[in-house]
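Participant:
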Amino acid sequence: MKPKKKLIKASGVILYIAFVSLSFIFGYNPGKLIGHNFASFSLEMIKLLPPVFILIGLFEVWVKREFIEKHLGKKSNLLSYLWAILLAGPIAGGLIPAFPIAYSLFQKGAKMSVIFTFIGAAAVCRIPMTLFEASFLGIKFTLVRLLISLPLVVISSIWLGNYLEKKDYRIMEG
Amino acid sequence: MYLLYIGTALALIISFIANKERTIKAVKMAYKKLAKIAPAFLGLIIVVSIVLYLVPEQVISSSLGNDNKLLSVFLASFMGSITLMPGPIAYPLGAVLLKEGVSYMVLAAFTTTLMMVGILTFPVEKAYFGTKVTILRNIISFCIALIVAAAIGLFFGELI
Chain E
1 MKPKKKLIKA SGVILYIAFV SLSFIFGYNP GKLIGHNFAS FSLEMIKLLP PVFILIGLFE
61 VWVKREFIEK HLGKKSNLLS YLWAILLAGP IAGGLIPAFP IAYSLFQKGA KMSVIFTFIG
121 AAAVCRIPMT LFEASFLGIK FTLVRLLISL PLVVISSIWL GNYLEKKDYR IMEG
Chain R
1001 MYLLYIGTAL ALIISFIANK ERTIKAVKMA YKKLAKIAPA FLGLIIVVSI VLYLVPEQVI
1061 SSSLGNDNKL LSVFLASFMG SITLMPGPIA YPLGAVLLKE GVSYMVLAAF TTTLMMVGIL
1121 TFPVEKAYFG TKVTILRNII SFCIALIVAA AIGLFFGELI
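Taken in sequence, the protein lines are chains E and R.
Here the first sequence is numbered in this note's numbering, starting from 1 and rising by one per residue.
Here the second sequence is numbered in this note's numbering, starting from 1001 and rising by one per residue.
#1: Determine whether the Cβ of R:SER1015 lies closer than 8 Å to any Cβ atom of chain E.
#2: Please tell me whether E:ILE85 and E:ALA121 are closer than 8 Å, where the distance is taken between their beta carbons.
#3: Using the Cα positions of R:VAL1051 and E:TYR16, report the straight-line distance between them to the nearest angstrom.
#4: Residues of the segment 1108-1139 of chain R in Cβ contact with chain E at a cutoff of 8 Å, in chain order, please.
#5: From the beta carbon of R:LEU1052, is the nearest beta carbon of chain E less than 8 Å away?
#6: Any beta carbon of chain R sitting closer than 8 Å to that of E:GLY120?
#7: Just confirm the distance between the C-beta atoms of E:PHE141 and R:TYR1104, as a whole number of angstroms; I'd bet it's less than 8 Å.
#8: Put E:VAL63 into one of helix, strand or coil per three-state DSSP.
#9: Alpha carbon to alpha carbon, how far is E:PRO30 from E:PHE24? Give it in angstroms, no decimals.
#10: Mind pulling the alpha helix (DSSP H) runs of 4 or more residues that sit fully within the segment 89-168 of chain E?
#11: Which ranges would you report for the alpha helix (DSSP H) in the segment 1002-1072 of chain R if only whole runs of at least 4 residues count?
#12: Closer than 8 Å, Cβ to Cβ, to anything on chain E: give me those residues from the segment 1014-1034 of chain R, in chain order.
#13: If you check the beta carbons only, do R:ILE1033 and E:ILE56 fall under 8 Å apart?
#14: If you follow the alpha helix (DSSP H) that R:MET1115 is part of, which residue opens it and which one closes it?
#15: What are the residues in the segment 41-71 of chain E lying within 9 Å of chain R by C-beta distance?
#16: Decide yes or no for the touch test of the segment 1003-1011 of chain R against the segment 29-45 of chain E: beta carbon pairs closer than 8 Å, at least 3 of them.
#17: Buried or exposed for R:LYS1126, please, with buried defined as at least 16 other CB atoms from any protein chain shown within 10 angstroms of its CB.
#18: Between R:MET1001 and chain E, is the shortest Cβ-Cβ distance under 8 Å, so that the two count as touching?
#19: What in chain R is Cβ-close to E:TYR103, meaning under 8 Å?
#20: Is the beta carbon of R:TYR1053 less than 8 Å from the beta carbon of E:ASN162?
#21: If you reduce the DSSP assignment to three classes, tell me which class R:PRO1092 lands in.
#22: Going straight from the alpha carbon of E:LYS32 to that of E:VAL20, what length do you get?
#23: Should E:LEU49 be labelled buried (16 or more other beta-carbon atoms within 10 Å of its own) or exposed?
#24: Roughly how many angstroms lie between the CA atoms of E:PHE59 and R:LYS1036, to the nearest whole one?
#25: From what residue to what residue does the alpha helix (DSSP H) around R:LEU1084 run?
#26: Run down chain B in chain order and give the residues with a C-beta less than 7 Å from the C-beta of R:LEU1004.
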């Protein structure tokens, strides 16, 4: 990151901290609410992220690059999209944990269209969430939504992957 | 959440029995990766804390119940894009709105953008995949959500 950008970001964070702490001192309600939101969302992230990253670490040391390349890489067949969807199924917590996992898959040799399918599937067809949805909004709603969104996710991921590969787009170091 | 912890613990134990050094390496790697992305997550948490204050649940509920269907669908997909809400909160809210007369189509637009489009998660997504990919993926996801809403509208006889 450029030093100037870093400076702007750092001052933003400092301003934010100053605003929230002053709000607590002077009892300014909106600032206090924002502070509470910050605390509760931080707590959620602190609960979610460590196990996710430990699983990513285990994945990195145990899964061989050749294995990922063969099943999810450039030479893999259409089945790779099915694997991506199945991999996304048990993920809890939606897009937030899906990004680092997708990035690890990519670093191990998965092709871009497969990781976009993975991210899309993590958004639309996580098993825990789908069960929740079906019980509250009805099974018909869930079925129609899945049958329409999943094929669209796969098709658009293939298109986006091909487009970026043609442009020789490089995903940056995260 | 509990399943995640149990699964991670089991995986760690099995890995540790199989190979101690590798497991330690994995944990170190996990820590390094998490530390590297932490600033992006701090950005995410700050943005979320502000947006959740600006757009509370009541605002979302009231904006979805508009009489104009098309307008409601657009408002719903906008709301879904700019907020973050876990499933255990979003679906019960959806069920309540349904009883109040909000259409399935509007709910589909809201829940699908909620899940697929992440304006708030932008700092994190960008840190991994770059600005261009993040923008493209979110635009595509928004379009998919609109198509899903239209399909739901057709199937539930709300569109025509």
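For every residue, glycine included, the Cβ atom is placed at its ideal position computed from N, Cα and C.
Here the structure is a predicted model, which is why all the values come from computation and not from measurement.
Facilitator: Looking at the atomic coordinates:
#1: yes
#2: Annotated as proximal: E:ILE85 and E:ALA121, with beta-carbon spacing under 8 Å.
#3: 13 Å
#4: ALA1108, THR1111, THR1112, MET1115, MET1116, GLY1118, THR1121, VAL1124, GLU1125, ALA1127, TYR1128, PHE1129, GLY1130, LYS1132, VAL1133, LEU1136 and ARG1137
#5: yes
#6: yes
#7: 6 Å
#8: coil
#9: So the two alpha carbons sit approximately 10 Å from each other.
#10: Taken in chain order, the whole alpha helix (DSSP H) runs of length 4 or more contained in the segment 89-168 of chain E are 95-107, 112-124, 127-137 and 139-166.
#11: 1002-1018, 1020-1054 and 1057-1064
#12: SER1015, ARG1022, THR1023, LYS1025, ALA1026, VAL1027, LYS1028, MET1029, ALA1030, TYR1031, LYS1033 and LEU1034
#13: Checking the displayed sequence, the identity of residue 1033 of chain R turns out to be Lys instead of Ile. Yes, the pair counts as a contact, with Cβ atoms nearer than the cut-off.
#14: 1104-1116
#15: Within the segment 41-71 of chain E, the residues whose Cβ lies closer than 9 Å to some Cβ of chain R are PHE41, SER42, GLU44, MET45, LYS47, LEU48, LEU49, PRO50, PRO51, VAL52, PHE53, ILE54, LEU55, ILE56, GLY57, LEU58, PHE59, GLU60, VAL61 and TRP62, listed in chain order.
#16: no
#17: buried
#18: yes
#19: TYR1128 and PHE1129
#20: no
#21: helix
#22: 6 Å
#23: buried
#24: Separation of E:PHE59 and R:LYS1036 (C-alpha to C-alpha, rounded to the nearest whole angstrom) is 18 Å.
#25: R:LEU1084: not part of any alpha helix (DSSP H); DSSP gives it neither H nor E.
#26: The question asks about chain B, but that chain is absent: this structure's protein chains are E and R.
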